[in-house]
Amino acid sequence: VLGLLILSVGVYAEAERQRHRTLEGIFLAPAVLLLLLGSTVFLVSFVGMVGSLRDNRTMLRMFFWVLLLIFLTELLLILMEIIFENKMNEVLHSNIQEGIRHYYDDLDFKNILDFVQEKFSCCGGDEFRDWEVNQYHACNGSGALACGVPHSCCIRGAPGGVVNTLCGYRALDKERLELLGTIHVRGCIHAVGLWLKDNFQATLAIVCSLLLPQV
């Protein structure tokens with residue numbers, strides 16, 4: 189049931205993504221990830237259910253080995269993130285830059301990045317200058333957004349106050365020290381990584397809650 193629910197949400201999200209012609213990158217499309225996750229959960233659960241109802245040892249063995257493979261893959265990914273942190277950060281940075289390049293074309297990625305930049309007080313992937321890869325924010329552009337950053341990078345004032353959407357104007361032309369009171373200059377990869385380390389117990393609990401049911 190959970191697999192079908194995730195799959196249904198994924199189908200709806202993908203239909204909306206195609207309707208708005210958003211970015212096709214697999215790493216930047218939550219709809220694609222939901223489709224893959226929903227399909228996997230549904231198929232594995234279906235095999236296990238049928239095998240259990242019919243007492244079919246072949247299907248039960250298949251169910252066991254697929255679950256074991258998924259479990260080991262998750263462990264491997266966690267270990268890779270720990271051991272090859274710098275390399276994984278490079279891959280993540282590359283994908284974020286690709287998303288920034290298509291920021292105004294991909295509503296999914298735009299909403300996610302805006303949320304992350306506001307929630308974790310950060311800007312860009314590695315640093316705020318990552319925004320120069322976007323054609324509208326590049327310093328060689330001539331539009332109002334040229335050499336600036338989105339308002340989600342801005343340092344917020346008092347809660348409920350009016351947001352200055354132009355606070356990032358010409359920010360890419362300035363040095364970091366000049367921007368400390370205007371926009372967030374640290375990158376989101378570092379900000380999110382620091383948050384995960386600071387909240388290690390919560391992170392560990394989430395990982396265990398995902399892995400233990402599979403054991």
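So the sequence shown is residues 189 to 403, counted in the working numbering. Here a beta-carbon is modelled for each residue, glycine too, at the ideal position from N, C-alpha and C.
Would you grab the beta carbon distance between Val235 and Met250 for me? Rounded to a whole angstrom, and I think it's under 8 Å.
-> Counting from one through the sequence shown, the residue named residue 235 turns up at place 47. Counting from one through the sequence shown, the residue named residue 250 turns up at place 62. Between Val235 and Met250, the beta carbon gap of about 6 Å places them in contact (Cβ cut-off 8 Å).
Leu193, buried or exposed, once every other Cβ within 10 Å from all chains shown has been counted against 16 | If you number the sequence shown from 1, residue 193 lands on position 5. Exposed is the call here.
Grab me the residues of Asn277's own chain with a C-beta within less than 6 Å of its C-beta, minus the 5 sequence neighbours each way, in chain order.
-> Here the question's residue 277 lines up with position 89 in the sequence shown. So the list reads Ile377, once near-sequence residues are dropped.
For Val229 and Lys307, the rounded distance between their alpha carbons = Residue numbering aside, residue 307 sits at position 119 when the sequence shown is read from its first letter. Residue numbering aside, residue 229 sits at position 41 when the sequence shown is read from its first letter. Using only the alpha carbons, I get a separation of about 30 Å.
Identify whether Cys341 lies in helix, strand or coil by the three-state DSSP scheme.
-> Within the sequence shown, the letter at position 153 stands for residue 341. Helix at Cys341.
Touching or not, the region 302 to 319 and the region 278 to 285, by the rule of three or more beta carbon pairs under 8 Å?
-> By the Cβ criterion, the region 302 to 319 is in contact with the region 278 to 285, since at least three pairs of Cβ atoms, one from each stretch, lie closer than 8 Å.
Environment of Ser340 [buried if 16+ CB atoms lie within 10 Å] = Here residue 340 corresponds to residue number 152 of the sequence shown, with the count starting at 1. Burial call: buried.
Do the CB positions of Cys327 and Cys335 come within less than 8 Å of each other?
-> As a first step, residue 327 must be located in the sequence shown, where it is residue number 139. As a first step, residue 335 must be located in the sequence shown, where it is residue number 147. One thing to note: Cys327 has its Cβ within 8 Å of the Cβ of Cys335.
Between Arg364, Ser330, Thr370 and Leu365, which lies nearest to Pro338 when the distance is taken from Cα to Cα?
-> Translated into positions along the sequence shown, residue 338 becomes position 150. Per the Cα distances, Thr370.
Range covered by the alpha helix (DSSP H) that runs through Phe272 = As a working note, residue 272 is residue 84 in the sequence shown. For Phe272, no alpha helix (DSSP H) run applies, since DSSP gives it neither H nor E.
Could you give the residue range of the alpha helix (DSSP H) that holds Ala379?
-> Working through the sequence shown from its first residue, we reach residue 379 at position 191. Segment Cys376 to Asp386, the alpha helix (DSSP H) holding Ala379.
State buried or exposed for Glu270, treating a residue as buried only when at least 16 other CB atoms are found within 10 Å of its CB.
-> Translated into positions along the sequence shown, residue 270 becomes position 82. Checking the sequence, you will find Ile at residue 270 rather than Glu. Exposed: under 16 other Cβ atoms inside 10 Å.
N-terminal and C-terminal residue of the alpha helix (DSSP H) that Leu365 is part of | Against the sequence shown, residue 365 aligns to sequence position 177. Where Leu365 is concerned, the enclosing alpha helix (DSSP H) stretches over Arg364 to Leu367.
Can you tell me the Cα-Cα spacing of Ile266 and Leu260, whole angstroms?
-> Mapped onto the sequence shown, residue 266 falls at position 78. Mapped onto the sequence shown, residue 260 falls at position 72. Ile266 and Leu260: Cα-Cα distance of roughly 10 Å.
Rounded Cβ spacing between Phe297 and Ala359 (contact assumed at less than 8 Å) | Translated into positions along the sequence shown, residue 297 becomes position 109. Translated into positions along the sequence shown, residue 359 becomes position 171. So it is not a contact: roughly 21 Å between Cβ atoms.
Please work out which residues of its chain come closer than 7 Å, Cβ to Cβ, to Arg289, disregarding the five sequence neighbours upstream and downstream, and give them in chain order.
-> Taking the first residue of the sequence shown as position 1, residue 289 is located at position 101. Excluding residues within five positions, the ones whose Cβ falls inside 7 Å are Val321 and Asn322.
Span separating the alpha-carbon of Trp319 from that of Tyr291 | The residue given as residue 319 occupies position 131 in the sequence shown. The residue given as residue 291 occupies position 103 in the sequence shown. Straight-line spacing of the CA atoms in Trp319 and Tyr291 works out to 10 Å.
By Cβ distance below 6 Å, which residues in the same chain neighbour Asp302 in space, the five residues on each side in sequence not counted?
-> As a working mapping, residue 302 is identified with position 114 in the sequence shown. Result list for Asp302: Ser340, in chain order.
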